[in-house]
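Structure first, commentary second.
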Amino acid sequence: MAAAPGPPAGGGGPAGRVAAANPPAAGSLEAVRRASGPRHVRDAGAADEVDGLRPSLVAEPGTVEEVAAVMRAASQGGLRVVVRGDGTKLGWGAPPSAVDLVLATTRLDRVLEHASGDLVVRAQAGVRLADLQRELTPAGQMLALDPPEAGATLGGVVAAAASGPRRLRYGTPRDLLIGSTVVLPDGTVAHSGGKVVKNVAGYDLGKLLAGSFGTLAVLVEVIFRLHPLPAARGMVVAEVATPERAGSCVRALLASTLVPSAVELDWPDAAGAGALSVLVEGVAPGVEAQTGAAARLLGEHGSARVLEPGEVDAAVATLGALPWAADRPGAGSEASGAGSDGAPAPAGVLGVKVTCVPSDLPGALAALWEVAGAHGLDAQVSGHAAVGVLRAALRGGDAAAQAAFVADLRGRLALGGAALVVQEAAPQVKRAVDVWGPAGDALGLMRRVKRQFDPAGVLSPGRFVGGI
Amino acid sequence: MDRDRLIRQMRQIVGGDGVIHERNQLRTYETDGLAAFRVIPALVVLPETAAQVQAVVRACHQAEVPFVARGSGTGLSGGALPHAEGVLVVLSRMRRVVEVDYENQRAVVEPGVINLQVTKEVAARGYYYAPDPSSQQVCSIGGNVAENSGGAHCLKYGFTTNHVTGLELVLPDGELVHLGGKGPDPVGYDLVGAFVGSEGTLGIATKVTVRLLRKPESVRTLLAAYDTTDAAGEAVSKIISAGIVPAAVEMMDALAIEAAEAAVHPNYPDAGAVLIVELDGPAAEVVHQFDEVERLCREAGSTTIQIAQSEAQRALFWKGRKSAFAAVGRISPDYYVQDGVIPRTALGAVLRRIGEMAAERGLRVANVFHAGDGNLHPLVLYDADVEGQEERAEELSAEILFACLDHGGSITGEHGVGADKKQYLPRQFSADDLDVMQLLRCAFDPAGRCNPGKVFPTPRLCGEVPGKRRVHPVEQAGLAEVF
């Protein structure tokens, strides 16, 4: 369908694109209330805002059928829907062009099946990852995902492709998700994959959904492959004085036959030194041998030591923490107003994710500090060094400085094939930048995928790459 | 289709020696690894570059002619079965290793590169490419991408989909796009993940970026013999519940052992079942766990345990396993290979059911399988010259798949649905499930010309089809984009 010039007609029709300013018709909200069961729908409050936009309603359907009914009603009423688990990553993504309804998966909170002998678990999307891990522990198993966002739900982790330090060894949600049930905007319920790890029957829609940011369908049920809990773990920490030193450590680790679970970089400020932490997991004799070997290897590039057993748990607990974690929640929001001396107010923390091939790590770090300095921002960096994922918290500048930083650093990084995504920013900063950056020559194809799954633009309109 | 015109066009694109149109030569391509299906294509084209693939596909698109991509033609589900009215695009001339980036552990290869060639290319530097389908000496990376190929070692290391990080694709309308790359977390939808395993129905990959893994410090392999498959299955359960993730756990039953012995003489012990267990990784880890695996294998009642003392002995253990399909040809004139998957814990029950069903039909079934992940490869033996046997064998093959589904499994673990099993897909997925999968197809290939008739029993109409899509006057005038 070609979009006619001029504003689309407001209101009804499943394909009707309602202009952002138009409030949803009362009738369509009523239909959602009926679909979700009146006890589980409420008027949205300030806490339900998505990037400063307040929806009309929050629905918490309790079954797959209710999710389907809500989506059907929302689609028919021309409502725009943002799906939310615990909301830990609701600040990621571009601000939606509009949102009328938040569909919360809070009540989809059951672990449906743990086939421990098969190392597989099936659970509803609203189950919190931490709760799932607690259920799996007695069987000596885990879902090998460790995103840093506390409280995150399975659906949110998959939809945002959230990952943590141990992705180096185990991969990201796409690698561990083996089955899914989704509800499309029109209410269709569809499954893909299944309960067996090895399965090539039909298209692998799980991969498409992982990281789709709630723009294609509502995840209601997920099936994961599990891993045995490691019997022992150990850690080696090396001080790295320069980005080049960090780079040579990572290069040495990757070229070795060691199999670390994580290699994490932590660099609180550009003026000081950084620390590289190597996490090793497995059987005790293996951990001992590997940590010893890692310490010797890194010792060739500076000082490195194996943590004492008593230090490991505390070190693991902080591993992979987001550098802007302490700034949240709400530190320096849009409402913080102008400073007393009349200067533009700091915009709060800006959190960005930089991705590159591991060999470009030193270059990316150097570029990050240089561009931050040029815009008067302090950068705190951490990241999955051996994977090529860095995160930086930028503090101290106003919205204009932050936006300029994003554009400048993205330009610098692009020269080396690296990329930048904004993950934490005040709404006015997010509106001033392209949160995702360019998606390359496949953007048209991505738009066609979106159009097939969500032709009317019901789900999280404007949140994803290229305005999808 | 104006065949002569198309031949002329294709010759202009790839040159005279890249176009095959004589019927007797076309016959070479009438089947892939699944010889039961045969179709002679209208035309075979052998492009050498991505630009040529693009031009070939565009010509097909413009002529409204279907096309099918083919690598080495080793697939076992008829995924590369030609279309009688279509062009078969054979990628075997695209065999360049474009780039090897050791530091970032990636290689960029063309689709015709042979799986094992990737490992050979990087072995001297201590690296390898992990997915290892049994056909790895001949199968191509492009085919692996299409089928999301597995192999014995995917238990620990995952499948092709876990090892491909970037693709250059020619879409069914001839557009060239780049997905992912060498770095992590490309922005946008994970279309690499969606494409891998799509069985050639979404486009043609012209470059594939794969992970290279560092060769493990230590590899240890044992072969354990058991009186029954149940006992061997018990050993597998013990290993898994001990929290050990072996690099591979493979099982063969008595008939499969007999076939392997007849063909390649791996010197397996005379047994009801043999298990090959391989561990790899850092030496200290492997040594410790290998002892435990050996102990668990004995506990489960192993009659003989052989531990590979050399790379040659290890290779021999694997030779019997990897040549098992072909070896079955030594003990039976004909056979069907199935590829069902079950939750590993259902192994005993499903094997017994297979035995009963085979006995009812007076047929023999040899079982070779990836025991660690429940991927069965029952080989249903028959003699096509015996009246009615082929039909019974086909029936039994289907019944085996249904038994897998009854236990919550899948009809295919690594061979793909292709032409072979598409009629069974609705047993595994609802009509809505299949319709939603085909939304992806509609995004990539709205006209349905890319490997049509595979995977899905009923093609979905994509909104813009039927009836040729007309460009809206507003769009044509450049006033609006299609949304």
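Residue numbers (this note's numbering), protein chains in the order written: chain V, 18 to 485; chain A, 7 to 489. Glycine included, C-beta positions come from ideal geometry on N, C-alpha and C.
The beta-carbon of Thr105(V) is placed no less than 8 Å from the nearest beta-carbon of chain A.
The beta carbon of Leu129(V) sits closer than 8 Å to those of Arg139, Ala140, Gln141 and Glu238, all from its chain and outside the five residues before and after it, given in chain order. Within the stretch 260 to 338 of chain V, the complete alpha helix (DSSP H) segments at least 4 residues long are 260 to 272, 301 to 316 and 326 to 335, listed from N- to C-terminus. Three or more beta-carbon pairs separated by less than 8 Å link the stretch 249 to 264 of chain V to the stretch 308 to 317 of chain V, which places the two stretches in contact. Per DSSP, Met257(A) lies in no alpha helix (DSSP H) segment; the continuous beta strand (DSSP E) that holds it begins and ends at Ala254 to Asp259. Thr309(A) and Asp233(A) do touch by the CB rule: their CB atoms are close to 6 Å apart, below 8 Å. Cβ atoms of Val96(A) and Val50(A) come within 8 Å of each other, at about 6 Å.
Non-local beta-carbon contacts of Leu225(V) in its own chain, meaning distances under 8 Å to residues more than five positions away in sequence, involve Leu233 and Val466 in chain order. Of all residues in the stretch 208 to 221 of chain V, those with a C-beta nearer than 9 Å to a C-beta of chain A are His208, Ser209, Gly210, Gly211, Lys212, Val213, Val214, Lys215, Asn216, Val217, Ala218, Gly219, Tyr220 and Asp221, reading in chain order.
Closest option to Ser278(V), judged by alpha-carbon separation, among Asp163(V), Gln150(V) and Val67(V): Asp163(V). Closer than 8 Å to the CB of Met443(A) there is at least one CB belonging to chain V. In this chain, the beta strand (DSSP E) harbouring Gly210(V) covers Val206 to Gly210. Within chain A, the C-beta atoms nearer than 7 Å to that of Phe470(V) come from Leu445, in chain order. For the stretch 222 to 233 of chain A, residues whose beta-carbon sits nearer than 8 Å to a beta-carbon of chain V comprise Pro222 and Glu223.
Taking a C-beta distance under 8 Å as the contact criterion, Leu385(A) and Val334(A) qualify as a contact pair. Gly434(V) has its alpha-carbon roughly 28 Å from the corresponding atom of Leu275(V).
Leu246(V) and Ala254(A) have their C-alpha atoms some 19 Å from each other. For Cys448(A), the nearest beta carbon of chain V is closer than 8 Å to its own beta carbon. Counting C-beta atoms within 10 angstroms of its own C-beta, Thr335(V) has fewer than 16 neighbours from the protein chains shown and is therefore classed as exposed. According to the DSSP assignment, Val423(V) belongs to no beta strand (DSSP E) but to the alpha helix (DSSP H) extending over Ala416 to Ala431. Cβ neighbours of His421(A) within its own chain (closer than 6 Å, five residues either side excluded): Leu82, Ser83 and Asp345. Within the stretch 190 to 217 of chain A, the residues whose Cβ lies closer than 7 Å to some Cβ of chain V are Pro190, Asp191, Val193, Gly194, Tyr195, Asp196, Leu197, Gly199, Ala200, Gly203 and Ser204, listed in chain order. When 7 Å is used as the limit between beta carbons, Pro288(A) is near these residues of chain V: Thr274, Leu275, Val276, Gly303, Ala306 and Gln307, in chain order.
Contacts with chain V at 8 Å (Cβ-Cβ) include Thr418(A). Selection Leu160(V), Ala176(V) and Trp109(V) evaluated against His131(V) yields Leu160(V) as nearest (Cα-Cα). Inter-segment contact for the stretch 73 to 84 of chain V and the stretch 116 to 123 of chain V is present: three or more beta-carbon pairs are separated by less than 8 Å. For the C-beta of Leu431(A), the chain V residues within less than 8 Å are, from N- to C-terminus, Ala218 and Gly219. Within the stretch 65 to 77 of chain A, no residue has a Cβ lying closer than 8 Å to any Cβ of chain V. By the C-beta criterion, the stretch 178 to 198 of chain A is judged not to be in contact with the stretch 153 to 166 of chain A, since fewer than 3 inter-stretch pairs fall below 8 Å. For Glu317(A), there is no enclosing beta strand (DSSP E); the residue is part of the alpha helix (DSSP H) that begins and ends at Glu317 to Lys328. Interface with chain A (8 Å Cβ-Cβ cutoff): Leu282(V) is excluded. Between Ala63(V) and Gly69(V), the alpha-carbon positions lie close to 9 Å from each other.
The C-beta of Ser436(A) has fewer than 16 other C-beta atoms within 10 Å across all chains shown, which makes the residue exposed.
A Cβ-Cβ separation of about 5 Å places Leu282(V) in contact with Gly400(V) under the 8 Å criterion.
Under the Cβ distance rule, Cys160(A) counts among the residues neighbouring chain V, one pair being separated by less than 8 Å. In terms of beta-carbon proximity, Gly390(V) stays away from the interface with chain A, with every pair separated by 8 Å or more.
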